[in-house]
Structures are given as C-alpha cells and as structure tokens.
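Here the structure is laid out as structure tokens; the discussion comes afterwards.
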Amino acid sequence: MKVYMQPIESIVWFTKEGIPHPIRFRIQAEDQTYRVIKVSRIITRQEEKVAGNRMLIFRCQSEINGLLRVFELKYEINTCKWYLYKI
Numbered sequence: 001m002k003v004y005m006q007p008i009e010s011i012v013w014f015t016k017e018g019i020p021h022p023i024r025f026r027i028q029a030e031d032q033t034y035r036v037i038k039v040s041r042i043i044t045r046q047e048e049k050v051a052g053n054r055m056l057i058f059r060c061q062s063e064i065n066g067l068l069r070v071f072e073l074k075y076e077i078n079t080c081k082w083y084l085y086k087i
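Numbering-wise, this note's numbering puts 4 at position 4 of the sequence shown, and it's gapless, one number per residue.
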C-alpha cells in the first residue's frame, strides 16, 4: 500500500458511544475532479496516539475501478478531520 495522507470529505454515522463508521468519502483527483468511493466493508478499527493526537485508523475494503481494494482511513479525534492514509 502507498501512503497518501490526503484530506478527504466523508459521510459517517456515529454510535451512541461516539464511535464513527464511514459510509463513503469524496477525494479530489489531480485533475481537480471529485471521485466518490463507497466503503463496502470495515475490516478493522484501531486507535493510535501520535505526538499527542488521538487517531482512529479504519482498514476498509471497497470496489475501485472494478477491483476490490483495501485502504486505510484516519480520523483525527481532536479536529474531526478525515484522511485517506493508505491505498
């Protein structure tokens, strides 16, 4: 997997405990067009702490360009920002 760490716009739902579950996200390509990717399955969810920032890492699976791909999304808890971390 290649590391991107690119900010994305996402649609998520939260449990009563405050745990997010991504549904789909939108990413801006190099030619300034947007691409919407639906999250088919969340494989794992783990929490990490880097330089004092708590982050949730979601390993997800989705069909992209006709291929089943595994990727990682990061959610920064303090700033409520989402990133496409690896694909």
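C-beta: ideal position from N, C-alpha, C; glycine also.
The model shown is predicted, which means the values in this text are computed figures rather than measured ones.
Just mark residue i as buried or exposed, buried being the case when its beta carbon has 16 or more other beta carbons within 10 Å.
| i | result |
| --- | --- |
| Pro7 | exposed |
| Ser10 | buried |
| Tyr85 | buried |
Tell me, which residues are paired with residue i by DSSP?
| i | result |
| --- | --- |
| Cys80 | Partner(s): none; Cys80 has no beta bridge. |
| Ser62 | Arg69 |
| Val39 | Partner(s): none; Val39 has no beta bridge. |
| Glu17 | DSSP output for Glu17 lists no bridge partner at all. |
So, for residue i: in the same chain, excluding its five sequence neighbours on each side, which residues have a beta-carbon less than 6 Å away from its beta-carbon?
| i | result |
| --- | --- |
| Ile42 | Phe58, Cys60 |
| Trp13 | His21 |
Write down the C-beta distance between residue i and residue j rounded to the nearest angstrom, noting that I regard them as a contact closer than 8 Å.
| i | j | result |
| --- | --- | --- |
| Tyr83 | Met1 | That pair is no contact at about 14 Å. |
Q | Given 8 Å, three or more beta-carbon pairs between the stretch 68 to 77 and the stretch 46 to 59 | A | yes
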